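Chemist: There's a structure below that I have some questions on.
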Amino acid sequence: MSMNNTNKSFALKAVKNINIIFILLMLVIGFFIIRLFYIQVIRYSYYKHSALSDQLAQSKIPASRGLIEAHNGSQIIPIVLNQEKFTVYVDPTLIKNVNNVADKIVNILGGSKSNIVSLIKTKNTRYVIISKKISQDQSNKLLALKLPGLGTIGQDYRVYPQGDLASQILGFVGDNSQGSYGIEEDMNKRLSGTPGYLKAITDVNGVPLAASKNNINIAPKNGDNIVLTIDVAIQKQLQEIIQKAAQSEKSPLISAVIMDPNSGAIKAIANYPTYDPTNYYNVKDSSVFNNAAASNPIEPGSTVKVFTAAAALNQGVIKQNTTYYDPGHWLIDGFKITNIEEDGGAGTRSIEDVLNQSLNTGATWMLMQMGGGQINSKAREAWYSYMTNHFRFGKITGVEQGFESEGIVPKPDIPYQSGDQQDLNYANTSFGQGLTITALQMDSAFSGVINGGKYYKPYLVDGTLDSQGNISYNHPGVVSNNVVNAGTSKSIISLLQQVVIKHYQSGFAYLNFPSNYIVGGKTGTAQVANPKGGYLENEYNGTYLGFVGGNKPQYAIAIYVTTPKVSGYAGSYGAQPIFGSIAHMLINESYVSPIGN
Amino acid sequence: MRPSSQYQSRRGSRLNNNLEMPRKHKPDYILLVLIILLLSIGLVVIYSIGPGLSVNSGVGTNYFINRQMVSVFLGVIGFGIAAFMPLKYWHKLERPLIILAAFSALMVRVLGQEVNGAYRWIQIGGFSFQADELIKFALLIWLAGFLANNIKAGTIADFKKTLLPIITALFILGIVVAGVESDLGTTAVMMAMMAAMAFVASVPLKKIAIFGGIVVVCVILAVATSSYRQQRVATYLHQSQDCQNSGYQTCQALIAVGSGGILGLGLGNSVQAYGYLPESANDSIFAIYAEKFGFLGTTILLAIFAALFVRLKNIVERCPNNFSRLLVTGILAWLSFQAFLNIGAMIGVLPLKGITLPFISYGGTSIMFVMAALGIVFHISRYTTYTVPTKNTEGDDYDNSHNGRRLRGSRNPATSSRN
């Protein structure tokens, strides 16, 4: 056999074999085309759907929450700001060198490397949160590493440049971006704004790809910036005053409201104890979140006599200078009504005496006058109408606060229970027992009594602030004009001025005020209802209702001090000193325009 | 394929060659067109996904295309050198190539960087060199010469002279590429190359089956010793069940291919390249291509590959000698098997191997050696015979065509021997 024959037979075999291989290759290509037809044509919609479920992001674009600002003299300063903080996340499937990535993260954020490594190694997820609330600076440093699978998401958090100032007025914003308590809750909708909407194909990190006609992008409408009526300096000092008082008087809760009686604008509201809104989540007793001045109604005691007198004067059944014979006690429905302050027993008394000496028998007498000399259905109806329609007790004021309470005013004709003494109940209400009122309701009604008779809706929101810093004011205004008539208003002002002067003369030295200012007020010492029925022994709440002004009252002040441990009456020794401090502060720091100006 | 007119003047030098070559004629320009088409498709796809690649890689949008253009340029140089270099020089380069390949395999383990549990790369300056490609290339040159020698010596079916060295080579490769570098995909391509060359060299099927058996044992061993490979096999067996972890790439590849539909999303509209599909420019580029160009595009691409295989097969049939025949066979097996492994993984019929799609995928080493190999084919295509040998072919030397114009001094059988 020649070499040529060998070559030839080999070549023939090679040709045959290469063709066998070639046919196999073509079969594979044919199979691939069939497979591609199956995937790309027959199963197209399935894979398209899978693709979109990964790639299409439909997300809300969060609106920036509105800021909260407040007056500070003639300025407006922010008291609640936003700060963007960042949440760091990783997509574990995209991280190849876990150790290296963990080292880089620890370099910037600190913390434990082993912890971060174990987070990155989380199975069955493409989203693991590594850290929360990191700063913009830290976020930028992390993003500058350009590590595949590592990202940050910004979220606004509230910051409080004034610390715990007005925290109970403000409320706070939870992790879910919803406002809780106070302005944040009540004005949540306006502060939140309207989120935008984004529907777009995104890259694996959720960043939208170049705009296509199918992308939808609606910009968010940011929340309103709100300006409060609160005056920062007054608020700050009020908080200090009541904190000091709460400590020295060992009272578990003090509330105070300072209002402009001529507009209903609230200048300050403070309660003690309070909380730090930055660390709201550390608060153990959630009742501290409440603005007690608006949400905690109590039986106010003798401060209600101001309203009893105003109602009687306004009905014309008594006059400012009326005198009457006070027997020292009344027997009503078989019960004896006496005076807590045992001062003098029977005798001829004036209206001024009733307020000055805080005579329960005098308040009862005024209620009797509304019924033509006795407590009857007419007296009850008349007093009920004044309490609820004129003074708006038992109704919420509508101030911009969460959890406002309306309190309880007993109905004039329905006994609470069979055998209940309606006349006695009503006699009690004439001097502030058996009904509950919040400090805010009290101050709002008092404002109407001393401003000539207009009931202004109390308000905390002065207006909204645009980006140029211009306020558009939006005041709720007058709810009714019939609180009392102008004459009654004048009488009450002068009667309450006399009360302050008398108290000063009787030894309360701190009630000396410059003569070019008008200052008036009334104490109240109330028995505290026992949750088991009846009243507690030796526990009293002190209240005070007063005003400070020049030509006319400019500040209406209501103070509630619960169960202070003071010697003497809770009203005179618990609440009245606080009023004294507030009035001096307002006058000394020129918040009040003196007479003649 | 017109014969050259310089036959006479070139004759003397060819007579001195150990490798007898017929007259030089026009090369296979269609082969060249197909190569240019494939390279262009690769460049266009890589260019168009630049912004997507930059999402998770932290490099600029033009990083990949710029480097790929350098790679293609180097590939063209490699192609040019191989196209003009006489075949005999490849014999001389056989030993240096093997030594260089062995050296680079060692360096990979010493200096190489681990990517996905495999060691394949050596960093040289700013570029990385994939040792497997060199090993593959060296194996091709060595095996073609070795088998051709045994055919000549009539020992192609001899166990000691043919089978034993091949099995030894297989073991060395198995240990180095599969064992040390953990690169099972390249190992599979090399096995396919060896099997195809042995088959075309008429090594008896029974004996090829022996190393088939050895391969099966090696694969089982390889899978059993690497958790990364076990995971890939498990992923392959339960594809759709585990889209979040180890099956993530397969799922995303299928989503890319499937969402392309019939006509595709269009060149600039790939979404999966934006960080969803890992290795978009390298191993997964077929899926991105399928997403962009749809079923129409994938069919066209497969048709281009099929056409390339047809050209290679035709050249094998018409090769002037056994060495060239086996070279082209090996190159055909290499390109086809590598393309199939890559595409098969993207369409969910084969497990992921971490292997590139020839011509298309990003990566300089792959393109350089593929282009050099095709340069050799292009060179050989100048010397093919006019007809395919058949049983009816008259004459005693298939190298010589009937028209006599390809006649050369090969009537003397001694000149066609290779020492």
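So the sequences go chain by chain: A and B.
My numbering numbers the first residue of the first sequence as 2 and each following residue consecutively.
My numbering numbers the first residue of the second sequence as 1073 and each following residue consecutively.
Beta carbons: idealized from backbone N, C-alpha and C, even for Gly.
The model shown is predicted, which means the values in this text are computed figures rather than measured ones.
1) At a CB-CB cut-off below 9 Å, which residues of chain B make contact with residue 209 of chain A?
2) Just mark residue 62 of chain A as buried or exposed, buried being the case when its beta carbon has 16 or more other beta carbons within 10 Å.
3) Identify the contact partners of residue 1401 of chain B in chain A, using a Cβ-Cβ distance below 9 Å as the criterion.
4) As an exercise, report each continuous beta strand (DSSP E) stretch of at least 3 residues that is fully enclosed by the segment 295-329 of chain A, in chain order.
5) Rounding to the nearest angstrom, what Cα-Cα distance links residue 1492 of chain B and residue 1351 of chain B in this structure?
6) In chain order, which beta strand (DSSP E) runs of at least 3 residues are fully inside the segment 448-509 of chain A?
7) List the residues that DSSP assigns as beta-bridge partners of residue 71 of chain A.
8) Helix, strand or coil for residue 179 of chain A? Go by DSSP, reduced to three states.
9) Taking 8 Å as the threshold (beta carbon to beta carbon), is residue 12 of chain A in contact with chain B?
10) Please tell me whether residue 131 of chain A has its Cβ less than 8 Å away from any Cβ of chain B.
11) Entirely within the segment 1378-1453 of chain B and at least 3 residues each: give me those beta strand (DSSP E) ranges in chain order.
12) At which residues does the alpha helix (DSSP H) containing residue 403 of chain A begin and terminate?
13) Got a sec? Which residues, its chain only, sit under 6 Å from residue 557 of chain A by beta carbon, not counting five neighbours each side?
14) Short of 7 Å in beta carbon distance, which residues of its chain neighbour residue 352 of chain A, apart from the five on each side in sequence? Order them along the chain.
15) Check whether the Cβ atoms of residue 1391 of chain B and residue 1383 of chain B sit closer than 8 Å, and answer yes or no.
16) Can you confirm whether residue 118 of chain A, when its beta carbon is compared against all beta carbons of chain B, has any partner nearer than 8 Å?
17) Could you tell me the boundaries of the alpha helix (DSSP H) in which residue 1320 of chain B lies?
18) Do you know offhand how far residue 9 of chain A's Cα is from residue 1394 of chain B's?
19) Mind listing which residues of the segment 75-108 of chain A have their C-beta closer than 7 Å to chain B's C-betas, in chain order?
20) Work out the CA separation of residue 257 of chain A and residue 368 of chain A for me, nearest whole Å.
21) Is residue 1179 of chain B close to chain A, meaning its C-beta is less than 8 Å from at least one C-beta of that chain?
22) By DSSP, does residue 601 of chain A sit in helix, in strand, or in coil?
23) If you follow the beta strand (DSSP E) that residue 157 of chain A is in, where does it begin and where does it stop?
24) Residue 128 of chain A CB to nearest chain B CB: under 8 Å?
25) Quick check on the DSSP output: the beta strand (DSSP E) that includes residue 521 of chain A runs from which residue to which?
26) Start and end of the beta strand (DSSP E) containing residue 62 of chain A?
27) Taking the alpha carbon of residue 1404 of chain B as the reference point, which residue from B:1179, B:1208, B:1174 and B:1137 has its own alpha carbon closest?
28) Quick check: is the beta carbon of residue 49 of chain A nearer than 8 Å to any beta carbon in chain B?
29) Check each candidate in A:199, A:244, A:271 and A:83 and name the one with the smallest Cα separation from residue 178 of chain A.
30) Is there contact here, the segment 1427-1436 of chain B with the segment 36-52 of chain A, by at least three beta-carbon pairs under 8 Å?
31) Measure how close the beta-carbons of residue 526 of chain A and residue 545 of chain A come, nearest whole angstrom, since I'm counting them as under 8 Å.
32) Find the residues of chain B that neighbour residue 26 of chain A, judging by a C-beta separation of less than 7 Å, and give them in chain order.
33) Can the beta-carbon of residue 451 of chain A be found less than 8 Å from the beta-carbon of residue 494 of chain A?
34) In whole angstroms, what is the alpha-carbon distance linking residue 1400 of chain B and residue 1340 of chain B?
35) Within 8 Å (strictly less), CB to CB, does residue 199 of chain A reach chain B?
36) Apply the 10 Å Cβ neighbour rule to residue 21 of chain A and answer buried if 16 or more other Cβ atoms are within range, or exposed otherwise.
Modeler: Taking the definition as stated:
1) The contacting residues do not exist; residue 209 of chain A stays about 10 Å from chain B at best.
2) exposed
3) 15, 18, 19 and 22
4) 324-327
5) The displayed coordinates of chain B run from 1073 to 1491. Any statement about residue 1492 of chain B would go beyond what the structure contains.
6) 462-466, 472-474 and 479-481
7) A:78 and A:229
8) coil
9) yes
10) no
11) none
12) Run containing residue 403 of chain A: none; DSSP gives neither H nor E here.
13) 260, 262, 444, 447, 448 and 548
14) 310, 319, 321, 323 and 496
15) no
16) no
17) 1320-1331
18) 11 Å
19) 94 and 95
20) 28 Å
21) no
22) As shown, chain A starts at 2 and ends at 598. That puts residue 601 of chain A outside it, with no answer to give.
23) 151-160
24) no
25) 519-530
26) 57-62
27) B:1208
28) yes
29) A:83
30) no
31) Their Cβ separation, rounded to whole angstroms, is 10 Å, which puts residue 526 of chain A and residue 545 of chain A out of contact at 8 Å.
32) 1381 and 1408
33) yes
34) 37 Å
35) no
36) exposed
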